[in-house]
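Inspection log for the structure reproduced underneath, given as structure tokens.
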Amino acid sequence: MVNIIGHAIEAHALSAVRGRRTVLRDLGFTVPRGQVTGLLGPSGCGKSTLMRAVVGTQAQVTGTLTVLGRPAGDASLRARIGYVTQAPSVYDDLTVRQNLDYFAAVLLPGRHRRDTRAEAVTRTLTDVDLTSHADALAGNLSGGQRSRVSLAVALLGTPELLVLDEPTVGLDPVLRRYLWDLFHRLADERGVTLLVSSHVMDEAERCHRLLLMRAGELLADDTPEALRRRNDTPTVEGAFLRLVDAATAADAADTLQETRR
Amino acid sequence: MNASRVLATAARVLRQLRHDPRTIALMLLVPVLMITLLRYVFDGSPGTFDSVGASLLGIFPLITMFLVTSIATLRERTSGTLERLLAMPLGKADLIAGYALAFGLLAVVQSALATATALWLLDLTVTGSPWLLLLVALLDALLGTALGLFVSAFAASEFQAVQFMPAVIFPQLLLCGLFTPRDTMQPALEALSDALPMSYAVDGMNQVLRHTDMTADFVRDALVVAGCALLVLVLGAATLRRRTP
């Protein structure tokens, strides 16, 4: 059953194992449609694994994970989700336009859709502000430009859900502001749901909702305002640090109790 | 399988190569130079050049396509583009057929150049039709593409991928009957050579060399090489996983 008003992502008792390590532990959360949801936490806390689970590329995931009304990884979802990995995944030996042309041909195949494809390529080049570099080899671009090409690929098929793994890492402040404006434009004007991971806390303030993670567990699932108010801090960063300290203290107490036993 | 996705993939692979003219030049010219070298190595015994030369025309495309495909697919795996493609509505068969088509086309050009040079400039004497030589060369190229695709799944780096060349190709080269007829080998090795696809590639080339018509043995050889290529392509497809740890 597809519920348009319902949530874009719903997770219950979601766990994931990589090798012998449990990377995600019993997560339960929802991501509302048409909003920007931030996924925050220190490096190695499981953000990327969670995103890969949502996209359906992560093996050994247990629990329920419903994405756009279908089980995660369902074949029908592949055309409806745009996914950008942490490292830009584009062909370095093709120009920006050739990269987009190819991925557009995969998403919108067939001769009869040639015009739709050309339109999509032009639109996404404008979205990520790379029109002037369209004929440059992706391998010759700067790091920030390459990650924008990678983002452009995800925007090609007008996805309903965008999963972006640290899209602004290592970018200058001007570009970061530009991209966050783009994310909000996509949510407001096109109704796209965005799940954006980051470990930069000032970006958290720009999200509608936040999922705070630490060591494979969820510390909080709330709006930035509510997080600040509940933890009595002026910033989300303060709230996050307070929650992490509390969790660390609880862990230490547990370990101590176990050693006494 | 979706024809337009296959064609788009093949066009993309060829476009990538076009940005790398040196690789194209090496792929096309090295076989021509090697067959020319061979002609003058066997300057005094044209008969030997005929048989070794015909065999090599089948072995070149296999080796080049093996190397090119294993590195290209490895790059696809490590650059994250494979994960991205498999998260999109692209069938594994679309991707593999696209690669096979692109490299198959390249192999046709490569084999045509080397075969034409051997036949008309170097006086390689072949009893049968040069088109049959080309056919075997193309099947060999497909086999090379298939093997390259398959082993790339077991290589974590370009260093490892290149090492698979001696590991997978050299034993076949030694046992394929190029150096000595297969029935004069130690029986265990002869049995082993019966199980390796390159033996049939070389045998097919020799059939064309000696017979005017398409012999039953030639048909068997061509079918075995084509069958092996298909089998390994299917195995290669199985190594492409949408969900990875």
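Quick mapping for you: the protein sequence lines, in order, are chains A and B.
Counting from 960, one number per residue, gives the positions in the first sequence under my numbering.
Counting from 23, one number per residue, gives the positions in the second sequence under my numbering.
Glycine included, C-beta positions come from ideal geometry on N, C-alpha and C.
Handout entry: Selection of the stretch 106-123 of chain B by Cβ proximity to chain A, strictly under 9 Å
Key = Arg106, Leu107, Leu108, Ala109, Met110, Pro111, Leu112, Asp116
Exercise for the section: Consider the Cβ of alanine 138/B: report whether some Cβ of chain A lies at a distance smaller than 8 Å. Expected result: no
Exercise for the section: Throw me the rounded Cβ distance for the leucine 1059/A and alanine 1111/A pair, which I believe falls under 8 Å. Expected result: 6 Å
Problem - is_contact[histidine 41/B, chain A] using C-beta, thresh 8 Å - result: yes
Handout entry: Start and end residues, alpha helix (DSSP H) containing aspartate 1180/A
Key = Segment 1176-1181 is the beta strand (DSSP E) holding aspartate 1180/A; no alpha helix (DSSP H) there.
Problem - 8 Å Cβ cutoff, asparagine 228/B in contact with chain A - result: no
Handout entry: Where leucine 986/A falls: helix, strand or coil (DSSP)
Key = strand
Handout entry: Proximity test, Cβ basis, 8 Å: arginine 980/A and chain B
Key = no
Handout entry: Start-to-end residues for the beta strand (DSSP E) that takes in glycine 249/B
Key = Glycine 249/B -> not in any beta strand (DSSP E); alpha helix (DSSP H) instead, spanning 238-260.
Exercise for the section: For alanine 32/B, count neighbouring C-beta atoms within 10 Å of its own C-beta (all shown protein chains included) and say buried if the count is 16 or more, exposed if not. Expected result: buried
Handout entry: Nearest-angstrom Cα separation, counted from valine 224/B out to threonine 1081/A
Key = 51 Å
Handout entry: Rounded straight-line distance, which links the Cα of serine 101/B to that of isoleucine 93/B
Key = 12 Å
Problem - alanine 177/B, buried or exposed, once every other Cβ within 10 Å from all chains shown has been counted against 16 - result: buried
Practice task
Identify which residue in Arg106/B, Arg204/B, Ala76/B, Phe88/B has its Cα closest to the Cα of leucine 1115/A.
Solution key: Arg106/B
Exercise for the section: For valine 961/A, decide whether its Cβ has a neighbour in chain B, counting only Cβ atoms nearer than 8 Å. Expected result: Residue placement at valine 961/A cannot be trusted, given a pLDDT of 44 that sits under 50; what the coordinates show is reported in the next sentence. Judged by the 8 Å Cβ criterion, valine 961/A is not in contact with chain B.
Handout entry: Residues that serine 974/A bridges to, as DSSP identifies them
Key = Thr1021/A
Problem - DSSP bridge partner residues for threonine 1194/A (one or two, in chain order) - result: None, per the DSSP bridge assignment.
Practice task
Measure the CB-CB distance between proline 1183/A and alanine 1163/A and report whether it falls below 8 Å.
Solution key: yes
Handout entry: Separation of glycine 80/B from arginine 40/B, as counted between CA atoms
Key = 25 Å
Practice task
Select from Val131/B, Ser26/B, Thr139/B, Thr86/B the residue whose C-alpha is nearest the C-alpha of isoleucine 57/B.
Solution key: Thr139/B
Handout entry: Those residues which DSSP pairs with histidine 966/A across a bridge
Key = Pro991/A
Problem - For arginine 979/A, the three-state DSSP class (helix, strand or coil) - result: coil
Handout entry: Straight-line gap, arginine 1037/A to alanine 109/B (C-alpha atoms, nearest Å)
Key = 6 Å
Handout entry: Proximity test, Cβ basis, 8 Å: threonine 1075/A and chain B
Key = no
Practice task
Would you please verify whether the beta carbon of serine 974/A is less than 8 Å from any beta carbon of chain B?
Solution key: no
Problem - Nearest residue (CA-CA) to leucine 196/B, options Gln185/B, Ser221/B, Asp239/B - result: Ser221/B
Handout entry: Proximal residues, the stretch 26-59 of chain B versus chain A, C-beta separation under 7 Å
Key = Ser26, Arg27, Ala30, Arg34, Arg37, Gln38, His41, Asp42
Handout entry: Candidates Ala175/B, Gln194/B, Gly66/B, Met207/B, of which the one nearest arginine 97/B by Cα
Key = Ala175/B
Exercise for the section: May I ask you to list the residues that DSSP assigns as paired with tyrosine 1042/A? Expected result: Val1122/A
Problem - chain B contact for glutamine 1104/A (CB, 8 Å cutoff) - result: no
Practice task
Have a look at Leu157/B, Gln185/B, Val158/B and flag the residue whose alpha-carbon is nearest the alpha-carbon of glycine 170/B.
Solution key: Gln185/B
Practice task
Find the nearest neighbour of alanine 259/B within the set Leu84/B, Val148/B, Phe172/B, Val63/B, judged by alpha-carbon distance.
Solution key: Phe172/B
Problem - Interface residues of the stretch 1043-1057 of chain A facing chain B [CB-CB below 9 Å] - result: Val1043, Thr1044, Gln1045, Ala1046, Pro1047, Ser1048, Val1049, Tyr1050, Asp1051, Asp1052, Leu1053, Thr1054, Gln1057
Problem - Distance CB(valine 1155/A)-CB(glycine 997/A) smaller than 8 Å - result: yes
Problem - Residues of its chain near threonine 202/B, where Cβ-Cβ distance is below 7 Å and the 5 sequence neighbours each way are ignored - result: none
Problem - Exposure of arginine 1189/A, with buried meaning 16 or more beta-carbon neighbours within 10 Å - result: exposed
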